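Scroll down for the structure; my scribbles are underneath it.
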Amino acid sequence: MKKFVSFLLAGVILAVSPVLASAHVTVAPTESTTGAWETYTVKVPVEKESATVKVVVKVPTGVSFQSYEPVPGWNVVVNKADSTVTWTATNGGIQKGQFQRFSFVAQNPEKIGKIEWNAYQYYQDGSIVEWTGNEDADYPHATTAISKAVSDSATDSHGKKATTEKSQSSENSSSPSVMQWVSLSIAVLALIIAIWTFAVKRRK
């Protein structure tokens, strides 16, 4: 019986892991090309009891920030001196169980490689979550892999290669699917039943 419970616990952990990962601050797309004028979208979820009232994103070296999409209820400050973009809530901010998207246009570097998006999430209770670690850290930064642009890529009004269609698909892939939530629910229910059965047998 103990082995069975341990097996169920392992299943719950596996089911929960992708859902928990989706709670990270992410930047889409995760892949783009050199020199492209890309539309990037920062997705900020809230898992704490306190609301998120400010988000700061550090623009990676070699990336040229161009413009941002206005978001109702948020003020935006672009500081080119320290390469940061700051969104500050003018109302209640992002509440627990909610998320907010912030989009902007930037030009990618001409060099291939991986760019890192360090982000800082400010909560109403005064706490700050720094999304600056590597991919294995508790609070990893988002990354975008920059590959060599191909000659037949679609171009935008600047004449540069654009990959905006990847933005939505990459972002959607970072969100937990229905199947993940179903798997999580089944695993948790099975664990509860197993524990209850084990407790009943011990009483007998």
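If you count by mature numbering (1 follows the signal peptide of the UniProt record, and there is no 0), then the sequence shown holds residues -21 to -1, 1 to 183, one letter each, in order. Yeah, the Cβ is synthetic: ideal placement off N, Cα and C, and Gly gets one too. In this text the structure is predicted, and so the values were computed from the model without any measurement.
For this session: Would you decide whether Val129 is buried or exposed? Buried here means 16 or more other CB atoms lie within 10 Å of its CB.
Result: Here residue 129 refers to the residue found at position 150 when the sequence shown is read from its first residue. It is exposed - the Cβ of Val129 has fewer than 16 other Cβ atoms within 10 Å.
Exercise. Among all the DSSP beta bridges, which residues are the ones paired with Glu48?
Worked result: Your numbering for residue 48 matches position 69 in the sequence shown. The partner list for Glu48 (beta bridge, DSSP) is empty, contrary to what the question assumes.
For this session: Measure the CB-CB distance between Ile91 and Ser126 and report whether it falls below 9 angstroms.
Result: Indexing the sequence shown from 1 puts residue 91 at position 112. Indexing the sequence shown from 1 puts residue 126 at position 147. Taking 9 angstroms as the Cβ cut-off, Ile91 and Ser126 qualify as a contacting pair.
Problem set entry | Between the CA atoms of Val56 and Thr69 - distance to the nearest angstrom | Position 90 of the sequence shown, counted from the start, is the residue given in the question as residue 69. Position 77 of the sequence shown, counted from the start, is the residue given in the question as residue 56. When rounded, the distance between both Cα atoms is 13 angstroms.
Problem set entry | Minimum C-alpha distance to residue 191 - residue among Phe44, Trp66, Ala7 | Residue 191 falls outside the range modelled here, since the chain spans only -21 to 183, and no answer is possible.
Exercise. Between Arg80 and the ligand COA, is the CB less than 8 angstroms from at least one heavy atom?
Worked result: For the ligand COA, the structure offers nothing, since it holds no ligand at all.
Exercise. Going by other Cβ atoms of all chains shown within 10 Å of its Cβ, with 16 needed for buried, is Ile94 buried or exposed?
Worked result: For the purposes of this step, residue 94 is taken as the residue at position 115 of the sequence shown. Counting Cβ neighbours within 10 Å, Ile94 comes out buried, since at least 16 surround it.
Problem set entry | Where the beta strand (DSSP E) through Pro24 begins and ends | For the purposes of this step, residue 24 is taken as the residue at position 45 of the sequence shown. Its beta strand (DSSP E) spans residues 16 to 24.
Problem set entry | Cut-off 7 angstroms between Cβ atoms - residues of its own chain near Ala124, not counting five sequence neighbours on either side | Position 145 of the sequence shown, counting from 1, holds the residue named residue 124. Apart from sequence neighbours up to five positions away, the residues of its chain that approach Ala124 with a beta-carbon distance below 7 angstroms are Thr9, Glu10, Lys93, ordered along the chain.
For this session: Per DSSP, which residues does Tyr101 bridge with? Please list them.
Result: As a working note, residue 101 is residue 122 in the sequence shown. According to DSSP, residue pairing for Tyr101 in a beta bridge involves Lys33, Ile107.
For this session: Return helix, strand or coil for Thr40, following the three-state DSSP convention.
Result: Residue mapping note: residue 40 aligns to position 61 of the sequence shown, counting from 1. If DSSP states are grouped into helix, strand and coil, Thr40 belongs with coil.
Problem set entry | Cβ shell of Val64 (< 6 angstroms), same chain only, five flanking positions each side left out | By one-based count along the sequence shown, residue 64 stands at place 85. Result list for Val64: Val36, Val57, in chain order.
For this session: Pull up the DSSP beta-bridge partners for Ile165, would you.
Result: Translated into positions along the sequence shown, residue 165 becomes position 186. By DSSP's assignment, Ile165 forms no beta bridge with any residue.
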